[in-house]
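Here is the structure we will look at, set down as structure tokens.
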Ligand SMILES: [Zn+2]
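Residue numbers (my numbering): 11 to 398.
Following this line, the structure appears as structure tokens:
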């Protein structure tokens, strides 16, 4: 049985290599097929005018309709990071938020720090549950996400990467109104906090519309007037807005996952990534007639960059997710993911099988390129191994 398992391992390697090549190719193809959309997706738009994103966390509550009235009166839009649990209790308010042109965001289901940050699995379950709730109530898939308490000291890089991979857009904030510093912060103090701050071109202002935040409601008109006076425009958070996230800090939490849980997470992330947003370019590539595209000028064939679609066409179906900016390919139960932004290509399987794929690549003009010599060397080696 040693021999057969050796062959199996070799085959696996080869499959991985092939998957890798199709992945690159497909992603490049995706960019070509839908270049406009991807170009739009991949570029955050810096607004011309200074812009403030008013954000309200922890609702909806009985204060939320008052907030909505004020926003309407001043004709400005905001973003509401709601709790799934409260959304269920105030469906009408959630529909009003969406109906009046504000953005909805996911703030987890119950905001319980202990639970949320003791294991990613718990966090994930809460996010999904809230996601489903909001889809049901508001009829829209909500991708914006804000971590209760913010990401700093709560999120590790896994939280970030899993959530981003699943298509969520994580926002912390640039300016804290200080309205949740303690219970019952008065309006005057909230206004002062805002006015005291140095303003950036894009301000993501943290406020709360959960119960107990009467001061925020009272401060809101003055805050709106203040930003209007400074020439700011008011927008909702969208995929075009460059997310602000805090750096990863030393965690407040001890957490661990069993291997089994880790596998569960990976599978769930995958499924979400496939389901939750439109995948582009999921078409099999069969056109091998186009010339190989070389990126830039090179005299050295060793340094030839090739669009992978051209290099390995006709072998697989690839999907490109414009939100997480990840190309993915599933074949034979294996999933390969390629994230140009993160600068990594990985094969996702069980934890034990997950591995980095080691080929130089670059992403330019919405196309994925890889170093042809390395790709071919890798492929040749895989064949050799398989044949041995
Ligand atoms: Zn919160």
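Note that beta-carbon positions come from the ideal geometry of N, C-alpha and C, so glycine has one too.
Given the structure is predicted, the values throughout are model-derived calculations rather than measurements.
- Annotation for residue 67 indicates a beta carbon within 7 Å of some heavy atom of ligand 1.
- Going by C-alpha positions, residue 222 is about 20 Å away from residue 160.
- The C-beta distance from residue 379 to residue 245 rounds to 35 Å, too long to meet the 8 Å contact threshold.
- In this structure residue 181 is buried. Its beta-carbon is surrounded by 16 or more other beta-carbon atoms within 10 angstroms.
- The beta carbon of residue 261 lies closer than 7 Å to those of 163 and 166 in the same chain, with the five residues before and after it left out.
- Within the chosen limit of 7 Å, ligand 1 does not reach the beta carbon of residue 70 with any heavy atom.
- Exclusion of residue 181 from the 7 Å shell around ligand 1 follows from its C-beta lying no nearer than that to any non-hydrogen atom of the ligand.
- Note: residue 214 is bridge-paired with 63 in the DSSP secondary-structure output.
- DSSP places residue 207 outside both helix and strand once states are collapsed to three, so it counts as coil.
- Where residue 115 is concerned, the enclosing beta strand (DSSP E) starts and stops at 113-116.
- Taking 8 Å as the upper bound for CB-CB distance, residue 242 and residue 61 are in contact here, some 6 Å apart.
- Looking at the DSSP output, residue 120 bridges to nothing.
- The beta carbon of residue 190 sits closer than 6 Å to those of 218, all from its chain and outside the five residues before and after it, given in chain order.
- By the 16-neighbour rule on beta-carbons within 10 angstroms, residue 115 is buried.
- Taken atom to atom, the span from the alpha-carbon of residue 107 to that of residue 314 is near 52 Å.
- The beta-carbon separation of residue 113 and residue 154, rounded to 6 Å, stays under the 8 Å limit for a contact.
- Cα atoms of residue 192 and residue 381: separation of roughly 55 Å, rounded to the nearest angstrom.
- Across the structure, residue 126 and residue 87 are spaced so that their CA atoms are roughly 29 Å apart.
- Residue 89 is positioned such that its CB atom lies closer than 8 Å to that of residue 65.
- Around the beta carbon of residue 79, fewer than 16 other beta carbons lie within 10 angstroms, which makes this residue exposed.
- Straight across, the Cα-Cα distance linking residue 229 with residue 123 is about 28 Å.
- Taking the Cβ of residue 121 as the reference point, at least one heavy atom of ligand 1 falls within a distance shorter than 7 Å.
- Between the alpha carbons of residue 170 and residue 250 lies a gap of roughly 19 Å.
- Per DSSP, residue 166 has no beta-bridge partner at all.
- The three-state secondary structure of residue 186, taken from DSSP, is strand.
- Residue pairing by DSSP puts residue 155 in a beta bridge opposite 116 and 180.
- Per DSSP, residue 89 is one residue of the beta strand (DSSP E) stretching across 88-92.
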